[in-house]
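Residue numbers for the sequence shown follow full-length UniProt numbering, so the first one is 1 and each next one is one higher.
Note that the Cβ used here is the ideal one computed from N, Cα and C, for glycine as well.
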Amino acid sequence: MPETFPKDRFDSIPRGIERVGAHRAPARRGRGWVWAGWTALAAVIVATAGILGAMGYLGKLGGSDETVVASEAPAVTAAPTLDAATPVTVLNGTDVDGLAATAADALTGAGLTVAATSNASTSDVAESMVYYSRPDLEGAARGIAGLLPGSDVQETTEFTAIGSDLTVVVGADYAAAVGG
C-alpha cells in the first residue's frame, strides 16, 4: 500500500515551470527569437555569397554588358633602312644545313655587314625574326626583315650577351621560301 507523507514546501511548485530537476534555472524569455535571428542572418550571408559567386562565374559581375571598343592608335614604326655600319649576327633556327649562310649571303649582297653565322640554341623555330636591342635600331631591323621573306622584327636584349645588337634567327618559313 502506498505510503503517504505530510505535505511540505517542496510539494508546492509554482505553475508554468516546465523544467524539472535539481539546479535548473527557468528558461529566459526571448531565447527563441535570438536563435531565429542568427538563422536568418546566416541564410542571408549564404544567399548573398551564392548570388555573387554565380554572377562572378557567369561573368556578370563588375560592369555593364556594353563592350567598350577603344580606338587603337596606329603603331609608330620606323622606316626600313639598311645600315652597313651595324654588324648583324645570323642564326639558323632549323635543321636545314647552311640556312644561316644562305641568309647571310642575301644580307651581304644588299651591302650589310654580317659579323657571324651559327646555329641557334633550338632547331624548331617556325617564323624568322630579326631582333634588335635598342629602339634606334628598329629601322635597320625592318630593313633586314624586308630582305628575308616572312621575317618580322622584335625588340629584345636577349642577344646582347653575345655582342650582337642586330640578330636574325631564320626559321622554317625562310627555309620554305628559299627552297631549303
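Its chain contains no residue whose beta carbon lies nearer than 6 Å to that of residue 121 once the 5 sequence neighbours on both sides are disregarded. DSSP assignment within the stretch 64-150 yields the following whole beta strand (DSSP E) runs of 3 residues or more, N-terminal first: 88-92, 114-119, 129-132.
By the neighbour-count criterion, in which a residue is buried when 16 or more other Cβ atoms sit within 10 angstroms of its Cβ, residue 57 is exposed. Scanning its chain for C-beta atoms nearer than 7 Å, with the 5 sequence neighbours on each side dropped, one finds around residue 177 the residues 149, 150, in chain order. When secondary structure is reduced to three states using DSSP, residue 156 falls in the coil class, being assigned neither helix nor strand.
Put simply, of 175, 4, 10, 8 the residue whose alpha carbon is nearest the alpha carbon of residue 93 is 175. If you look at residue 48, you'll find it in the alpha helix (DSSP H) that goes 31-58.
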